[in-house]
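In the numbering used here, the protein residues as written are 1 to 230.
Note that CB positions come from ideal geometry on N, CA and C, so glycine has one too.
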Ligand SMILES: *Cc1c(COP(=O)(O)O)cnc(C)c1O
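Okay, here's the thing in C-alpha cells:
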C-alpha cells in the first residue's frame, strides 16, 4: 500500500514537472515520516527513497539510530535551541531556521562537531499569525546577518503554506516565495548558496512544483493519515 501511494505521488510529481517544463530530477521528494514507525520507512528504502523529514528532534535521533546510516534526515519542524544537540550530527539539513538566536546556536553546535550545517530560512510567506518564520520583507536582511556564521550555510528558503481546501489558493504564496528566492540569489551574498526551495505538502505539492519547488515534503500522501494519540 505504501508503495502504491509512493508511486502515485511520484507520478503526480512527474506530471507537474511536465506541465511546467521542468526536469523531475530537480525535485527532491522528502517523505515526511513523523509519527510513523521505522518499519514503514524500511518499506520505502526498497523503492530507493532516502530523504526523510521529521519535525521532532528526539524522534529524528531515534529513527537515525534504528535505520541504515546512509539515509538523509531533514529537520523540518520548529527547533528549540536546547534540542539542536540531538540532531546536529544526524540531520543533513535544517529547514526551519527562523531566528538569529537559533542560527547562532546551530552554528555553535556545528562547530563543536567540525561540520557545516546546510540550513533553509523559514519564511511566513502568507503572514499567518499562527506560523513561525520570517516576514518576507525581513528575510534578505536576516540572511545577510546570519551569513557571517561559518558553520552553517544558508542553502535556500522554506515555507509552510496556509491550510486550504483548494491548492490553487496557495499558488500566489509559492510564486511570492520563488520571487524572494530569486531576489536573494541575485545578491550573491558570501557564504550563501541559494539552491533549495522547500515548499509544497500533500495538499499542494503539484502547485508548488509548478511554481519552482526543488523540495516537496509529503507525509500523508505516502504514509496515510497520522494518529497523534499513539
Ligand atoms: C507534517 C509536515 C509536512 C507533511 O504534511 P502532509 O500534509 O502530511 O504532507 C510537511 N512539512 C512540515 C513542516 C510538516 O510538519
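- Per DSSP, the continuous alpha helix (DSSP H) segment holding residue 220 begins and ends at 220-223.
- Taking residue 128 as the centre and dropping the five residues before and after it, the same chain places the C-beta of 162 closer than 7 angstroms to its C-beta, in chain order.
- The beta carbon of residue 113 is closer than 8 angstroms to those of 88 and 89 in its chain, skipping five residues each way along the sequence.
- Residue 84 sits away from residue 97, with the two beta carbons spaced by 8 angstroms or more.
- Pairing residue 159 with residue 177 gives a Cβ-Cβ distance under 8 angstroms.
- Taking C-beta separations shorter than 8 angstroms and ignoring five residues to either side along the sequence, the partners of residue 181 in its chain run 156, 157, 194, 197 and 212, following chain order.
- Residue 152 places its beta carbon less than 8 angstroms from that of residue 119.
- Not one heavy atom of ligand 1 is found less than 7 angstroms from the C-beta of residue 81.
- Rounded to the nearest angstrom, the Cβ distance from residue 54 to residue 60 is 4 angstroms, consistent with a contact under 8 angstroms.
- Of the residues assessed, residue 23 falls on the exposed side of the cut-off, its CB having fewer than 16 other CB atoms within 10 angstroms.
- Listed in chain order, the non-local C-beta contacts of residue 214 below 8 angstroms within the same chain comprise 26, 27, 28, 156, 195, 196, 197 and 198, local neighbours out to five positions each way being set aside.
- Within the same chain, Cβ atoms closer than 7 angstroms to the Cβ of residue 110 are found at 88, 116, 117, 151 and 152, the five residues on either side in sequence being excluded.
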